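This report refers to the structure that appears directly beneath it.
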Amino acid sequence: MFDPLFDLGPHASFITISYILVVAVIAGLILWVRIDYARQRKDLAELEARGITRRSQDVGGQDQG
Amino acid sequence: MALIDLANPSRFMAFVARVLPFAVALTVVAFAAGLYLAFFVAPDDYQQGATVKIMFVHVPAAWLAMFCYATMTMASLGTLVWRHPLSDVAAKAAAPIGAAFTFISLLTGSLWGKPMWGTYWVWDARLTSVLVLLIMYFGLIALWRTIEDPIRAGKAVAILTLVGAVNLPIIKFSVDWWNTLHQPASVIRLDGPTIHPTILWPLLVMALAFTLLFLVLHMMAMRNEILRRRVRTLQMRAAARQPATATAQAAE
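Those protein sequences? They're chains A and B, same order as listed. In terms of my numbering, the first sequence opens at residue 7 and continues consecutively. In terms of my numbering, the second sequence opens at residue 249 and continues consecutively.
Here you go:
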């Protein structure tokens, strides 16, 4: 067994940069999804606070989304 | 609960709320196991050396880039044929995730190509067809943003998605049909994988981790899209109320 931090061969920089970029892109995706979720929840809460609700909520029927 | 019940957006939201924590935990465990196998168990390749470690992220990302487009193709059929209420939500939510995986596969492929091939890029059939896939993802995202009505946008994008699906077999078989610098298939082959199990298993575990990540992100993005449509509906109701209120105030 070897220690990968010290034995990635002559192309260690290519391997390291690859993994850093993959982590950065995935982190960006996760951040985008979470920020978008918070924004939609906030907008929905603001509208409902103004008394604007969906028809399904108005009539007290089953929520159809 | 039957699978068809999830066609209702509210039931789908409830399903996501229940399933998401477990799916996230499973994804984290799969990535931990995959990275451990990739960095501490898998040996260096006899030709590539340690550079083979790039393959543990490159290959799953490339698979997911195609899987994501295949998901969008199925969803587009759902939109056009069955008018399934969640179909275009699923397709729209998948597009940015698919674009990100395609971008990762091109990026890591380039970073592997420089030390192994001596170049970051060649215009061979496999690389070019994957670049076309990325451009198609961007085009679909742009089309969605161009048409304001989500129902009309969903139909237009569904047609374009189905047309673009012709690129999937081209990507898959490009290495067989043309003489490419990119190596032929070495995992999904009729005569079985040509990769040694010590490298194949870490690769498969990483592929599972990437697939779980896609499922988690897709569920979250679909939830966001459902909420966005609810917000849009309420904003339209609010806008419809305003003229009536304004007329009443003017009459007073």
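All residues carry an ideal CB built from backbone N, CA and C; glycine is no exception. Note that the structure is predicted; figures quoted are calculated from it, not measured.
The region 276 to 291 of chain B makes contact with the region 448 to 465 of chain B; the number of CB pairs closer than 8 Å reaches 3 or more. Within chain A, His17, Phe20 have C-beta atoms less than 9 Å from the C-beta of lysine 362/B, given in sequence order. The region 329 to 341 of chain B makes no contact with the region 370 to 386 of chain B: fewer than 3 CB pairs, one atom from each, lie closer than 8 Å.
If you draw a straight line from the Cα of proline 417/B to the Cα of alanine 457/B, it is about 24 Å long. Approximately 14 Å separates the beta-carbon atoms of alanine 348/B and threonine 319/B; this is outside 8 Å, ruling out the contact. For the region 45 to 61 of chain A, residues whose beta-carbon sits nearer than 8 Å to a beta-carbon of chain B comprise Gln46, Arg47, Asp49, Leu50, Leu53, Glu54, Arg56, Ile58, Thr59, Arg60.
DSSP places glycine 57/A in the coil class of the three-state scheme, outside both helix and strand. As computed with DSSP, glycine 297/B is found in a beta bridge with Asp293/B. In terms of Cα proximity to arginine 331/B, the closest of Trp311/B, Arg400/B, Tyr368/B, Leu274/B is Arg400/B.
Among the residues of the region 26 to 46 of chain A, those with a Cβ less than 9 Å away from any Cβ of chain B are Leu27, Val28, Val31, Ile32, Gly34, Leu35, Ile36, Trp38, Val39, Arg40, Asp42, Tyr43, Arg45, Gln46, in the order of the chain. Contact annotation for aspartate 292/B against chain A: Gly15 [CB-CB distance below 8 Å, chain order]. Within the region 379 to 403 of chain B, there are no complete alpha helix (DSSP H) runs of at least 4 residues. Beyond the five residues adjoining it in sequence on each side, leucine 475/B comes within less than 7 Å, by CB distance, of no other residue in the same chain. Glycine 15/A is positioned such that its CB atom lies no closer than 8 Å to that of alanine 286/B. When C-alpha distances from isoleucine 345/B are compared across Met470/B, Val479/B, Ile395/B, the shortest belongs to Met470/B. In the structure shown, histidine 466/B adopts helical secondary structure according to DSSP, grouped into three states.
The three-state secondary structure of leucine 328/B, taken from DSSP, is helix. Relative to the Cα of leucine 325/B, the nearest Cα in the group Asn472/B, Val405/B, Ile443/B belongs to Val405/B.
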